[in-house]
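*Asks:* Residue numbers (the numbering used here), protein chains in the order written: chain A, 1 to 295; chain B, 296 to 590. C-beta atoms are modelled at their ideal positions from N, C-alpha and C, and glycine is treated no differently. What you are looking at is a predicted structure, and each value in this text was computed from that prediction instead of being measured.
Shown next, in the form of structure tokens:
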């Protein structure tokens, strides 16, 4: 089996490493950035390297499109003319609705698009940042849909082989959930990091000299890729606005208890949040197996 | 030298371990919770154990008060009658102004209070959670002030011996800075964790099944002690409200760019936040040495 990877950044290069580790087939790699392609070659991430996405498309049975959300549709449009009959295309983008709708409109009838989203990652990027175990025990969402059950099963099979837990959602539900669990934490991180300058002005001291572990963890993902996050916010605008409203109300509620010095309410609020955190996560900070009991 | 520790939770037990490791003297331990005191004894954290804080006070040269912010003043008031001449009392509370003011009012003239705050910790608590290296390379703030320079120097010396970086601030400035770098991240964590229930209702799915590393890190400190955080929010109310306003404006600004799909502004906002994060933290997520260049 020829597995194509277009875009050899953090996710693409992690998939390449995982596919090689689990001997899933020949790995064909393309990246429009010449230096990324060269680095992939130097790191021996693939079987063959292509400086042209169409040439890769002409030989691949399955293609993982691992480019930023804003480029996925154009990349797929670009390779359409050269796809073999029966080729399955999947992506790894963090937003699914609009991309799925657009690609399904123009994709040839004898090809398949299976929207995917491995929920793993880090704040790093580039071919050297990948890890073969990035997907192990992590959720890998595939988008439900009529007319491509067999294609979906194939991608699910690959995701399971590299250790991921495959979950199914419809595209809009995925985008709503991820707006809360992923896009919102990034807004917090960017805003806290940017706000540190004003906080320093207020205190007439560099507040960052006094930052502890809680600030470090809150802002970890502020180091993430600018291109990628600009796209995600734009493509998932409505859901991001919706969950931001929800989150702001939650914060306002806690802060209004603090403002009015309502000891009992503060205690109840914190205790409830603490209970949820301890229910869902174990001591090592990993999602706990207990969560399945609650479902 | 007899070093007393009142309150053998995370910070108290970490100090005990660090003092023993660095052979700083005999370690006298009291905790009003009988089970904590027994656990400290079982873990061999101290030299001697006291079921009465006054008895400990009568023998200590230096006393670290490591109880929640809301109990510090009462604990110090309670041991006052039994203090030896020249005893230095220090605390490790996360809020300094009001406690410092109150204690200085009633403390006997021949004793000294040096307000302190080691900026380290974790979401865990109790005598078993402590670590001897909890303070290594971490900031340890001491509050500036006239009339107790020699006492401050002694505490600074101990903090340096256990590996901490001693920094000096006045009490109000400390409380303002920590409101931003520590109390605010906790508000985010509690609100995000509590908000997950509403997000699940909205999505009609348990959103926590799809939580990735960014949500995990944002909410890590939601597992922190309820008692401790209730006190911190109440004692630092004004500064917490002030920095929350600042943070909310920052988030609103980013989200309004998203709402209006202002691509350039979103990019600039994220790029600036990213630049700050990468300036202050190295690749391992530790505060970078570079920050000193900026000062």
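Which word fits residue 8 of chain A, buried or exposed, when buried means at least 16 other C-beta atoms lie within 10 angstroms of its C-beta?
*Replies:* By the neighbour-count rule (16 or more Cβ atoms within 10 Å), residue 8 of chain A is buried.
*Asks:* Would you mind giving the Cβ-Cβ distance between residue 313 of chain B and residue 427 of chain B, rounded to the nearest angstrom? I have them listed as a contact below 8 Å.
*Replies:* The Cβ separation is near 5 Å, so the contact holds.
*Asks:* For the segment 64-75 of chain A, which residues have a CB atom closer than 8 Å to at least one CB atom of chain B, in sequence order?
*Replies:* From the segment 64-75 of chain A, no residue has a Cβ closer than 8 Å to chain B.
*Asks:* Between the Cα of residue 68 of chain A and the Cα atoms of A:263, A:244, A:268 and A:235, which residue gives the shortest distance?
*Replies:* Nearest of A:263, A:244, A:268 and A:235 to residue 68 of chain A, Cα basis: A:235.
*Asks:* Is the separation between the beta-carbon of residue 62 of chain A and that of residue 4 of chain A shorter than 8 Å?
*Replies:* A contact, by the Cβ cut-off of 8 Å.
*Asks:* On a Cα-Cα basis, can you pick out the residue from B:365, B:381, B:366 and B:338 that is closest to residue 353 of chain B?
*Replies:* Taking only the C-alpha atoms, the option nearest residue 353 of chain B is B:381.
*Asks:* Please go through the segment 145-212 of chain A and give each complete alpha helix (DSSP H) segment of 4 or more residues, from N-terminal end onward.
*Replies:* List check, alpha helix (DSSP H) in window: 149-161, 171-178 and 184-203.
*Asks:* Buried or exposed for residue 328 of chain B, going by 16 or more other Cβ atoms inside 10 Å?
*Replies:* Per the 10 Å Cβ criterion, exposed.
*Asks:* Once you ignore the five residues that flank residue 588 of chain B on each side, which residues in its own chain have a CB closer than 8 Å to its CB?
*Replies:* For residue 588 of chain B, the predicted model reports a pLDDT of 46, less than 50, meaning its position is unreliable and no value from the coordinates is stated.
*Asks:* Less than 8 Å between the beta carbons of residue 393 of chain B and residue 305 of chain B, yes or no?
*Replies:* Cβ atoms of residue 393 of chain B and residue 305 of chain B: not closer than 8 Å.
*Asks:* Give me the Cβ distance between residue 436 of chain B and residue 210 of chain A, rounded to the nearest whole Å; I'm assuming they're in contact under 8 Å.
*Replies:* Confirmed, about 7 Å.
*Asks:* Tell me the residue span of the beta strand (DSSP E) that contains residue 48 of chain A.
*Replies:* First-last of the beta strand (DSSP E) with residue 48 of chain A: 48-50.
*Asks:* Kindly list the residues whose CB is nearer than 8 Å to the CB of residue 149 of chain A, restricted to its own chain and excluding five residues on each side of it in sequence; keep chain order.
*Replies:* For residue 149 of chain A, where only same-chain residues beyond five positions count, there are no Cβ hits under 8 Å.
*Asks:* Pair every Cβ in the segment 397-409 of chain B with every Cβ in the segment 492-509 of chain B, then say whether three or more of these pairs are closer than 8 Å.
*Replies:* Not touching, per the Cβ criterion.
*Asks:* Going by other Cβ atoms of all chains shown within 10 Å of its Cβ, with 16 needed for buried, is residue 432 of chain B buried or exposed?
*Replies:* Classification for residue 432 of chain B: exposed.
*Asks:* So, is residue 346 of chain B buried or exposed, given that buried needs 16 or more other C-beta atoms within 10 angstroms?
*Replies:* Residue 346 of chain B is exposed by the Cβ-count criterion.
*Asks:* Leaving out five residues before and five after residue 139 of chain A in sequence, what residues of the same chain have Cβ atoms less than 6 Å from its Cβ?
*Replies:* Contacts found: 119, 165 and 167.
*Asks:* Just curious, the beta strand (DSSP E) that residue 117 of chain A is in, first and last residue?
*Replies:* Note, residue 117 of chain A: beta strand (DSSP E), 116-118.
*Asks:* Check whether the segment 319-338 of chain B touches the segment 250-268 of chain A, counting contact only when three or more Cβ pairs, one atom from each stretch, lie closer than 8 Å.
*Replies:* Touching, no.
*Asks:* Evaluate residue 532 of chain B with the Cβ neighbour count: other Cβ atoms within 10 Å of its Cβ, from every protein chain shown; 16 or more gives buried, anything less gives exposed.
*Replies:* Buried, because 16 or more other Cβ atoms sit within 10 Å of the Cβ of residue 532 of chain B.
*Asks:* Assign residue 160 of chain A to buried or exposed, taking buried as 16 or more other Cβ atoms, counted over all protein chains shown, within 10 Å of its Cβ.
*Replies:* The residue in question, residue 160 of chain A, is exposed, as its Cβ has fewer than 16 Cβ neighbours within 10 Å.
*Asks:* Which residues in chain A have a C-beta closer than 7 Å to the C-beta of residue 509 of chain B? List them in chain order.
*Replies:* Result: 182, 185, 186 and 221.
*Asks:* Does the segment 515-530 of chain B come within contact of the segment 472-490 of chain B, defined as at least 3 CB pairs closer than 8 Å?
*Replies:* Yes: the two stretches touch, three or more of their Cβ pairs being nearer than 8 Å.
*Asks:* Determine which residues share a DSSP beta bridge with residue 62 of chain A and list them.
*Replies:* Its beta-bridge partners are A:3 and A:88.
*Asks:* Provide the residue span of the beta strand (DSSP E) that contains residue 367 of chain B, from first to last.
*Replies:* Counting along the chain, residue 367 of chain B falls outside any beta strand (DSSP E), though it belongs to the alpha helix (DSSP H) covering 367-374.
*Asks:* Based on DSSP bridge pairs, tell me the residues matched to residue 287 of chain A.
*Replies:* Its beta-bridge partners are A:281.
*Asks:* Using the beta-carbon of each residue, which ones in chain B are nearer than 8 Å to residue 263 of chain A?
*Replies:* Those are 525 and 529, listed as they occur along chain B.
*Asks:* Would you kindly report the start and end of the unbroken alpha helix (DSSP H) that includes residue 141 of chain A?
*Replies:* No alpha helix (DSSP H) holds residue 141 of chain A; the beta strand (DSSP E) holding it covers 139-143.
*Asks:* Can you tell which of A:183, A:75 and A:226 has the C-alpha that lies nearest to the C-alpha of residue 502 of chain B?
*Replies:* Nearest of A:183, A:75 and A:226 to residue 502 of chain B, Cα basis: A:183.
*Asks:* On the DSSP letters alone, give me the boundaries of the beta strand (DSSP E) that residue 323 of chain B sits inside.
*Replies:* That run of the beta strand (DSSP E) goes 321-325.
*Asks:* Since residue 102 of chain A meets chain B, which of its residues come closer than 7 Å, beta carbon to beta carbon?
*Replies:* Going along chain B, no residue has its Cβ under 7 Å from residue 102 of chain A, so there is no contact; the nearest lies around 17 Å.
*Asks:* Taking the alpha-carbon positions, what's the residue 389 of chain B to residue 204 of chain A distance?
*Replies:* When rounded, the distance between both Cα atoms is 20 Å.
*Asks:* With a threshold of 16 other CB atoms inside 10 Å of the CB of residue 579 of chain B, please say whether the residue is buried or exposed.
*Replies:* Residue 579 of chain B should be labelled exposed.
*Asks:* Between residue 39 of chain A and residue 127 of chain A, how many whole angstroms is the CB-CB distance? I'm expecting something under 8 Å.
*Replies:* So it is a contact: roughly 4 Å between Cβ atoms.
*Asks:* Pull up the distance between the alpha-carbon of residue 46 of chain A and that of residue 31 of chain A, whole angstroms please.
*Replies:* If you take the alpha carbons of residue 46 of chain A and residue 31 of chain A, they lie about 12 Å apart.
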